[in-house]
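Each remark here refers to the structure printed beneath this line.
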Amino acid sequence: MTPPPALEEARGGDPVALTRALVRVPSVNPDLEDGGDGEERVATLCAELLDEWGLATRTYEAAPGRPNVVAELAGDGPTLLLNGHLDTVGVEGMTIDPFGAEMREGRLWGRGACDMKSGVGALMAVAHRLARASERPQLVVALTADEENASLGMAELVRRGIEADFAVVCEPTGLTVMPAHKGFVWIRTRFQGRAAHGSRPDLGIDAIRHASRFMAGLDAHADALRSRPPHPLLGHASFHGGTIRGGSAASVYPEACELVLERRTLPGEDAASVSRGFEEALETLRSEDSHVTADLEVTLERPGTEVASSHPLVLGLVAALQASGLDGNIRGMSAWVDAAYLNQAGIPAVCFGPGSIEQAHTADEWVDVDQIRVCADVLERFALGLVPRRPEG
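Counted from 1, the sequence shown has number 324 at position 231 by our numbering; the numbering is strictly sequential.
Now the structure itself:
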């Protein structure tokens, strides 16, 4: 059977054709949507192409049925790691064909088109080009599973001891270099009341009211965060109430209420220091009302990290952008990304890729086609700039 033209173009390393081929293979994270296909089929496609192009390619599971793909290409000089995740969020409620990869209005439409199969398509195009270059740096392509949920793929990649001198995570940044990103801490606070009939305030203790008083008391903490000097790329830390659950009936004093807060953190902040601010607010409430019984627990933490704007990785990408006729802007990424794992492992990692984060996860997700091509060109230019210069004469 003759392969469809789009797949043949993808085999030839065209970044847009690669993106279309990837979007057409469903890879919804099964932990986010029932019936999600997971990454296995799209990982197989990527591994076959990378192997066909001459990269030393291997696939292994980060969890059962959740593969990573790692491909290496020998070269001279430092090692460049190009990373992207293979999973997407769910498709429920989408207003377009999630896997049609339709091209119109200069855009490519479909689930994952922006986040982040266009980034994967661009970095794979670079791998194809470097495999045919007479001079090139050492290259590692790492395509990971489960970024949209628990980052099992990146965690396993780092656990296995991945090594590189520079890393670019091709998340959608609108072709802006993003060397810093926020982290987050999830804090669960459980308030204990006493159930009683609604007509007996002398017996009941209202756990929901205590939770609401706690939230109101956090206004001072929010003001304190805003009063601190802002991060030059990320601005201020922040928090919000994420979920609240409590009560059993309108006529019953609620026996319990659980409130989960999310605190967005700046590089250098940790869960212990973050939780102290909320503990202080809870202690103030306890001192005001002896009936308040509550405990506070950190349930999940992901650190914010950054690479200095003066780092050769950042400056090199900016120079490659400017050589391509673009501004070479540097901005911060408000969302948490897998680059944190690489930075913590000692591999300087920044985000740079096609598409706007505003289009990620939307009902009509799309990516600007020209940005896919430019991203591939900039990454190739940056990669070739890493090759040591041979002495003249």
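Just so you know, even glycine gets a beta-carbon here, dropped at the ideal spot from N, CA and C. Only a predicted model underlies this, so the values are computations on that prediction, with no experimental measurement involved.
At a cut-off of 3 residues, the continuous stretches assigned as beta strand (DSSP E) that sit fully inside the stretch 317-343 are 331-339. Out of Glu399, Ser227, Leu435, the CA that lies nearest to the CA of Ala167 is found in Ser227. Taken through DSSP and simplified to helix, strand or coil, Glu355 comes out as strand. Within the same chain, no Cβ atom closer than 6 Å to the Cβ of Arg293 is found once the five residues on either side in sequence are excluded.
For Leu232, the enclosing beta strand (DSSP E) covers residues 231-237.
If you ignore the 5 residues before and after Ala304, its C-beta comes within less than 6 Å of the C-beta of Phe284, Cys350, Leu352, all in its own chain and listed in chain order. Remark: C-beta atoms of Leu472 and Val233 do not approach each other more closely than 8 Å.
Rounded to the nearest angstrom, the Cβ distance from Ser417 to Arg466 is 10 Å, too far for a contact under 8 Å. Between Gly448 and Gly267, the gap from beta carbon to beta carbon is short of 8 Å. The beta carbon of Arg379 sits closer than 6 Å to the beta carbons of Val385 from its chain, once the five residues preceding and following it are set aside; these are given in chain order. For Glu132, the secondary structure class from DSSP, reduced to helix, strand or coil, is coil. For Cys139, the secondary structure class from DSSP, reduced to helix, strand or coil, is helix. Taking 8 Å as the upper bound for CB-CB distance, Arg204 and Thr181 are in contact here, some 5 Å apart. If you draw a straight line from the Cα of Ser341 to the Cα of Pro347, it comes to about 6 Å. Listed in chain order, the non-local C-beta contacts of Arg200 below 7 Å within the same chain comprise Trp459, Val460, Asp461, Val462, local neighbours out to five positions each way being set aside. The beta-carbon separation of Phe332 and Glu355, rounded to 6 Å, stays under the 8 Å limit for a contact. The Cβ neighbour count for Pro265, taken over all protein chains shown within 10 Å, is at least 16; the residue is labelled buried. Straight-line spacing of the CA atoms in Ala288 and Thr377 works out to 24 Å.
For Cys350, the three-state secondary structure derived from DSSP is strand.
Using a Cβ-Cβ distance cut-off of 8 Å, the stretch 109-118 and the stretch 190-197 are in contact, since at least three pairs of beta carbons, one from each stretch, lie closer than that value.
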